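Just below is one structure, and these are the notes that go with it.
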Amino acid sequence: MPDTRKPILQAARDFVRQELKDDSSGHDWWHIVRVANNAVAIAEKEGADLFICELAALLHDIADGKLNESEEAGLQKVEQWLILHEVSEIDRNHIVDIISKLSFKGGQTREDMPSLEGKIVQDADRLDAIGAIGIARAMVYSGHTGRPIHDPDLQPREMMTLEEYRNGKSSAIMHFYEKLLKLKDTMHTSAAKELAEGRHQFLEVYLNEFYDEWEARK
Ligand code: ADP
Ligand code: NI
Numbered sequence: 007m008p009d010t011r012k013p014i015l016q017a018a019r020d021f022v023r024q025e026l027k028d029d030s031s032g033h034d035w036w037h038i039v040r041v042a043n044n045a046v047a048i049a050e051k052e053g054a055d056l057f058i059c060e061l062a063a064l065l066h067d068i069a070d071g072k073l074n075e076s077e078e079a080g081l082q083k084v085e086q087w088l089i090l091h092e093v094s095e096i097d098r099n100h101i102v103d104i105i106s107k108l109s110f111k112g113g114q115t116r117e118d119m120p121s122l123e124g125k126i127v128q129d130a131d132r133l134d135a136i137g138a139i140g141i142a143r144a145m146v147y148s149g150h151t152g153r154p155i156h157d158p159d160l161q162p163r164e165m166m167t168l169e170e171y172r173n174g175k176s177s178a179i180m181h182f183y184e185k186l187l188k189l190k191d192t193m194h195t196s197a198a199k200e201l202a203e204g205r206h207q208f209l210e211v212y213l214n215e216f217y218d219e220w221e222a223r224k
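Numbering (our numbering), first residue to last: 7 to 224.
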C-alpha cells in the first residue's frame with residue numbers, strides 16, 4: 007500500500023474513535039474495529055482493493071441515519087472528511103457510494119451493491135451482526151431501546167415500515183427472526199459465506215438452548 011494511504015487510514019481511525027466512543031446502540035468503536043478487520047481479511051482472500059475496503063469499513067457507521075439528522079447529512083459528513091484528507095475523487099466517490107448502500111433498513115430497501123469492495127464491507131458488517139458477537143449486540147440494542155430480551159406473546163413481523171422496524175414493539179429474540187437468521191443468505195463473497203455458516207449455526211444452537219431454559223426443560 008503506498009505510504010500516502012497509511013496516514014489517511016490512521017486519521018480515519020482517530021476520527022471514528024472520537025465520534026463513536028460513547029455510542030451504546032451497537033455502533034461503538036469496537037464494532038468498527040471488528041468490521042474493518044473482517045473486511046481486510048476477506049479483501050485479502052478475494053483480491054480486492056485493501057485501502058477502499060478498510061477506509062469504507064472505518065467510516066461506514068459515521069453516516070448512519072440513527073446517529074445523524076438525516077442519512078444525507080451523514081453522507082455529507084463522510085464526503086467532507088474524505089475531501090479534507092485529500093482522498094482522490096475516484097476513491098472518494100467509490101467510498102461514499104458503498105456507505106450509501108450499506109444499511110439493511112428492515113429489508114425494505116435492498117439496493118444492489120455493485121463493486122467487489124462494497125460487497126466485502128457489507129459482508130463484514132453483516133458478519134458482526136451474527137454469531138456470539140451478533141447476539142451480544144442484539145441484547146445490548148434491545149436494552150438501549152427499552153425492549154425486553156423475550157416476550158412469548160410477540161410474533162416475528164414480516165412486513166413492516168422502517169418506522170415500525172425502528173420503533174415498534176419487539177424483543178431481542180424477535181430480532182433473530184426479523185434479521186439475524188436471514189443474514190447468512192445475503193452474503194456475497196465465498197469467504198464471508200463460509201464464516202457466516204458457522205456463526206449462523208451458533209445462533210440456532212443458542213436459540214434451542216434459550217427456549218429449553220425458558221420452558222424450564224433444562
Ligand atoms: P439496522 O440498520 O438494522 O438498525 P444496525 O447495523 O444499525 O442495523 O444495528 C446495529 C446492531 O443492533 C446490529 O447488531 C443489529 O442486529 C442490532 N439491532 C438492530 N435493530 C435491532 C432490534 N430491533 N433489536 C435488537 N437488535 C437490533
Ligand atoms: Ni456497522
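Quick reminder that beta carbons are idealized off the backbone N, C-alpha and C, glycines included. Here the structure is a predicted model, which means the values were calculated and not measured.
Consider the C-beta atom of ARG205 and the heavy atoms of ligand 1; say whether any pair is separated by less than 6 Å. Not under cutoff, so the answer is no.
Compute the minimum distance between the beta carbon of ALA178 and the heavy atoms of ligand 1, and state whether it is under 6 Å. For ligand 1, at least one heavy atom lies less than 6 Å from the Cβ of ALA178.
Are ARG40 and ILE136 touching if we call contact CB-CB under 7 Å? For the pair ARG40 and ILE136, the CB atoms are not nearer than the 7 Å cut-off.
Do the stretch 99-108 and the stretch 122-129 meet, that is, are 3 or more Cβ pairs less than 8 Å apart? With a cut-off of 8 Å, the stretch 122-129 and the stretch 99-108 count as touching, because enough Cβ pairs lie within range.
Consider the C-beta atom of ASP67 and the heavy atoms of ligand 2; say whether any pair is separated by less than 6 Å. Relative to ligand 2, the nearest heavy atom lies less than 6 Å away from the CB of ASP67.
Taking THR10 as the reference, which of ASP28, VAL93 and ALA222 has the closest Cα? For the residues ASP28, VAL93 and ALA222, the minimum Cα distance to THR10 belongs to VAL93.
One question on the structure: do ALA69 and VAL84 come within less than 7 Å of each other, judged by their Cβ atoms? Yes, the pair counts as a contact, with Cβ atoms nearer than the cut-off.
Do the CB positions of ASN44 and LEU187 come within less than 7 Å of each other? No; because the gap between Cβ atoms is not below 7 Å, this pair is not in contact.
Within 10 angstroms of the Cβ of HIS37, are there 16 or more other Cβ atoms? Answer buried if so, exposed if not. By the 10 Å Cβ count, HIS37 comes out buried.
Limits of the alpha helix (DSSP H) - the one that SER148 falls within: Following the DSSP letters along the chain, one finds SER148 inside the alpha helix (DSSP H) bounded by residues 137-150.
What do you reckon, is the C-beta of ASP29 under 6 Å from a heavy atom of ligand 2? Not so, every heavy atom of ligand 2 lies at least 6 Å from the Cβ.
Would you report the Cα separation of ALA144 and ALA178, rounded to the nearest angstrom? Answer to the nearest angstrom: the Cα atoms are 6 Å apart.
Can you tell me where the alpha helix (DSSP H) with GLU13 in it begins and where it stops? The question names Glu, but residue 13 is Pro in the sequence shown. Element bounds for PRO13: 11-26.
Compute the Euclidean distance between the alpha carbons of SER148 and GLY124, then round it to the nearest angstrom. Spanning the two alpha carbons is a distance of roughly 28 Å.
In whole angstroms, what is the alpha-carbon distance linking HIS181 and LEU90? The straight-line gap from Cα to Cα measures roughly 38 Å.
Contacting residues, own chain, Cβ-Cβ under 7 Å from ASP34 (five flanking each side not counted): Excluding residues within five positions, the ones whose Cβ falls inside 7 Å are LEU26.
In three-state DSSP terms, what is GLU85? GLU85 sits in a helix when the DSSP states are folded into three classes.
Whether or not the stretch 193-212 and the stretch 150-160 are in contact is what I'm after, with contact meaning three or more pairs of Cβ atoms, one per stretch, closer than 8 Å; do they touch? Touching, no, given that fewer than three Cβ pairs across the two stretches are closer than 8 Å.
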